[in-house]
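**Q** Can you read through this structure? Questions will come right after.
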Amino acid sequence: MQRFSTYKLIVLFAVFLSHSLQGQTDEDTLRYRNYMDSSKITQYENPDLAIYYATKAADFGRENGFELPTGHAEFQLSRLYKSVGKLNAAKKHATEALRIYEKNKFDKGTMKVKLNIGHLHVQQDDYIKGEKYYLEALDLGIKLKDTLSIAYIYQGLGNRFYFDDSLSAAEVYMSKSEELLNLLGKEQLMGGLLVNLGNIKQDRQQLNEAKAYYLKALKLYTSQNNLLMQALVRYNLGDIHRKQEDFDSALLEFNQVLELGKQTQSWEDIKYAYLGLSNTYQDSKEYESAFLYLEKYHDLKDSLSAADYQKEVDKWEAQYLSEKREKELEEIAKNQQFKHLEDQKKLRKQEVDLIRSRRNQTLLWVVGGILILLLIGSYSANQRFKRKNSLILEQKRVLNEQNQLIDKSLKEKELLLKEIHHRVKNNLQMISSLLNLQSQSLKSEEALKAFENSKNRVRAIASVHAILYTKKDLAKINIREYLNDLIRNQFSKDNLGREVKYQIDVDDKELNLDTAIPLGLIINELITNSLKHAFKEESKQPEITIQFSDEEVYLLDYRDNGEGLPKDFSNRESGSLGFEIITALCDQLDGDLEISDQTEGAHFILKFKEQ
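In my numbering, the protein residues as written are 355 to 965.
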């Protein structure tokens, strides 16, 4: 729950407009201002409506040749799309605003747009480009002597390095931002910054210093009556108390988070409050309470996932019904138009017959007879047409009902299959929790390691079902997503307590379950083996590299930079349970496992085809 704050850039359009509409008529200025004011007024309550007004402002400015006002509207669109999570659209409009500002040499606007583009790149994990835009914005801020903007840019740079796990650089930039805000007397803007600095200290295990920052942030958010941020800070404080084994204080903070979550109806805060309470009770060896809150955490987590899925189903169902209604209305309009043309045709025909009858009375009976015959034939044809049309409409109605039944059956089966994956995942998580609770009573180091290995194997299988529960395609799983999730749940330290660096290069490939699960278990066993046996030299940075590609066959390349395997090592004759499992899983994949001795450390190459 350590949400690392990224500050929203507040653009004061009044400053921009003071010189950007010079030379325009009062009517043009008023119309543009109305569009922009309407966008700003609705941006928090109704972002879609705010986007509509900002688009109107941009189109109006572009049509009338108002360059800078168009740039301001594009910048507003960028911020709005960012607020609703559409980062690519936000980047597109920010780039257009930047082009207009640079063309018109508007340095202040250019600086603010570059800061915003830096935020967007960092949010998409493109840290190099994000840093480039931050530094360009910083040069302009220094040139303009805009101290407040410089403080915001330092915060952006701090976020960039924090997300990239460069804590020292992140702390330097965050501290610079704190110094400038103090200098400007802007303490009320420092809440998120204090949380960020506390997060950095906590990641470095400097718990007392982290606690001091969190307490400052809590005091500030309490004075602002910001309940959501109070919940965030109290969760982090509870986590620190738990790590310091001050369990009473930790329970007090997590219960505060629970109450705040109920006040604000924030299900995310309630969910994390349950998790914090479960972890605290587990650490204090009150296993019954720990298990109770763990169940509450998983139930709420699954309920939120199910609610999100149902919203998606309802959205597509509404879209389907809307499209169906549009087609029905279109068909009705066509039929009405056809009927109108037929009526006009009959009216013209009657007028012609009347004129002819007046001109030549001798032909009256002949024309009348012919007309009667035509009417009879037309009536007969019309009746046949109606019967045929009625039959077609009935067949169409029956077909639509059958299609609806089929769609309903498919949805029910899809939901049932997702529920099966959900149940399997929950059962596996329950097994993992039980293993974790049972391991608390073990004294043997060897038994504890065996339990931990078993938990990792269970997690590796559970991860597949957890991913499938949120996917529409229930037959296949994305191997990149699966392996990233698997490695996040694996150990992060070797047997000397050092951080292990992972390099993962995996093709974006969909595999079926019969292939994905054995492959995940093989990687799990190889990582466990490396962490347990490979890294014994204190002078080396432990590193594990995993590559997976799809050429003529699937190829898994796994290597570590540890001490390597003994000469003449054979995975089938090693006597190790881990390698026995690897061998059995390779046979299950009908794969060929090679052990290479051409590189430093252990190097395994697995070739196989999809089952």
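Even for Gly, the Cβ is constructed at its ideal location relative to N, Cα and C.
(1) To the nearest angstrom, report how far apart I881 and I898 are at their CA atoms.
(2) What does DSSP give as the partner residue(s) for N866 in the beta ladder?
(3) Leaving out five residues on either side along the sequence, give the residues of the same chain with a beta carbon under 6 Å from the beta carbon of N754.
(4) Mapping the DSSP letters down to three states, classify L943 as helix, strand or coil.
(5) Which word fits G439, buried or exposed, when buried means at least 16 other C-beta atoms lie within 10 angstroms of its C-beta?
(6) Could you name the residues that DSSP lists as bridge partners for R913?
(7) By DSSP, does S950 sit in helix, in strand, or in coil?
(8) Locate the alpha helix (DSSP H) running through Q477, then write down its first and last residues.
(9) In the DSSP assignment, find the beta strand (DSSP E) that holds Q857 and state where it starts and stops.
(10) Report yes or no: do three or more beta-carbon pairs, one from the region 940-951 and one from the region 870-881, lie closer than 8 Å?
(11) Is the CB-CB distance between G615 and A604 below 8 Å?
(12) Work out the CA separation of L591 and E599 for me, nearest whole Å.
(13) Which whole-angstrom value describes the C-beta separation of M544 and L535, a residue pair presumed to lie in contact below a C-beta threshold of 8 Å?
(14) Going by CA-CA distance only, name the one from S522, Y508 and E428 that's closest to G472.
(15) Tell me, please, which residues DSSP counts as bridged to F923.
(16) In angstroms with no decimal places, state the Cα-to-Cα distance between V365 and Y398.
(17) Using 8 Å as the cut-off, can you tell me whether the region 856-864 makes contact with the region 886-905, which would need three or more C-beta pairs spanning the two stretches below that distance?
(18) Which class does D413 belong to by DSSP, given the choice of helix, strand or coil?
(19) Check F637 in the structure and name its three-state DSSP category.
(20) Secondary structure at H694, three-state DSSP: helix, strand or coil?
(21) Mapping DSSP to helix, strand and coil, what is D656?
(22) Does Y398 come out as helix, strand or coil in the three-state DSSP assignment?
(23) Run the CB neighbour count on V611, radius 10 Å, all protein chains shown included, and call it buried at 16 or more, exposed below.
(24) What is the rounded straight-line gap between the Cα of E835 and the Cα of D861?
(25) Quick one, which of E613, L422, K540 and S531 has its alpha-carbon nearest N550's?
(26) Would you report the Cα separation of L909 and F889, rounded to the nearest angstrom?
(27) If you check the beta carbons only, do Y435 and H447 fall under 8 Å apart?
(28) Buried or exposed: which applies to G419, given that a residue is buried once 16 or more other Cβ atoms fall within 10 Å of its Cβ?
(29) Work out the CA separation of D479 and F517 for me, nearest whole Å.
(30) Taking the straight line between their C-alpha atoms, what separation do you get for K921 and H475?
(31) Just checking, does the region 449-458 make contact with the region 490-497 on the three C-beta pairs under 8 Å criterion?
(32) Any idea which residues DSSP pairs Y908 with across the strands?
(33) E892 by DSSP, collapsed to three states: which one?
(34) When burial is assigned at 16 or more other CB atoms within 10 Å of the CB, is H957 buried or exposed?
(35) Please classify G630 as buried or exposed, where buried requires at least 16 other C-beta atoms within 10 Å of its C-beta.
**A** Taking the structure as given:
(1) Answer to the nearest angstrom: the Cα atoms are 8 Å apart.
(2) Its beta-bridge partners are K830.
(3) Excluding positions up to five away in sequence, the list is empty.
(4) Of the three classes helix, strand and coil, the one that applies to L943 here is coil, per DSSP.
(5) It is exposed - the Cβ of G439 has fewer than 16 other Cβ atoms within 10 Å.
(6) According to DSSP, R913 shares a beta bridge with T899 and H957.
(7) Here S950 sits in strand by DSSP.
(8) Q477 -> alpha helix (DSSP H) spans D461 to Q477.
(9) Boundaries of the beta strand (DSSP E) harbouring Q857: K855 to V860, taken from the DSSP string.
(10) Result yes; three or more Cβ-Cβ pairs closer than 8 Å.
(11) Judged by beta-carbon spacing, A604 lies beyond the 8 Å limit of G615, meaning their Cβ atoms are not closer than that value.
(12) If you draw a straight line from the Cα of E599 to the Cα of L591, it is about 12 Å long.
(13) About 5 Å; that satisfies the 8 Å criterion.
(14) Looking at S522, Y508 and E428, the one whose alpha-carbon comes closest to that of G472 is Y508.
(15) In DSSP, F923 forms no bridge with anything.
(16) Low per-residue confidence applies at V365: pLDDT is 32, beneath 50, and the placement is therefore not dependable, though the value from the model is reported in the following sentence. Their Cα atoms are separated by approximately 14 Å.
(17) Counting C-beta pairs closer than 8 Å gives three or more between the region 856-864 and the region 886-905, which meets the contact rule.
(18) Of the three classes helix, strand and coil, the one that applies to D413 here is helix, per DSSP.
(19) What sits at residue 637 in the sequence shown is Asp, not Phe. In this structure, D637 counts as helix in the three-state DSSP scheme.
(20) Residue placement at H694 cannot be trusted, given a pLDDT of 46 that sits under 50; what the coordinates show is reported in the next sentence. Here H694 sits in helix by DSSP.
(21) Helix at D656.
(22) Reduced to three states, the DSSP call for Y398 is coil.
(23) Within 10 angstroms of the beta-carbon of V611 lie 16 or more other beta-carbons, which makes it buried.
(24) One C-alpha to the other measures close to 10 Å.
(25) Comparing Cα-Cα distances from N550 to each of E613, L422, K540 and S531, the minimum goes to S531.
(26) If you draw a straight line from the Cα of L909 to the Cα of F889, it comes to about 25 Å.
(27) It is a contact, given that the beta carbons lie within the stated cut-off.
(28) By the neighbour-count criterion, in which 16 or more other beta carbons inside 10 Å mark a residue as buried, G419 falls on the exposed side.
(29) Between the alpha carbons of F517 and D479 lies a gap of roughly 8 Å.
(30) Going from the Cα of K921 to the Cα of H475 covers about 48 Å.
(31) Verdict: no, contact absent.
(32) Looking at the DSSP output, Y908 bridges to D904 and F962.
(33) When secondary structure is reduced to three states using DSSP, E892 falls in the coil class, being assigned neither helix nor strand.
(34) For H957, the number of other beta carbons within 10 angstroms of its own is at least 16, and it is reported as buried.
(35) Its Cβ being crowded by 16 or more others within 10 Å, G630 is buried.
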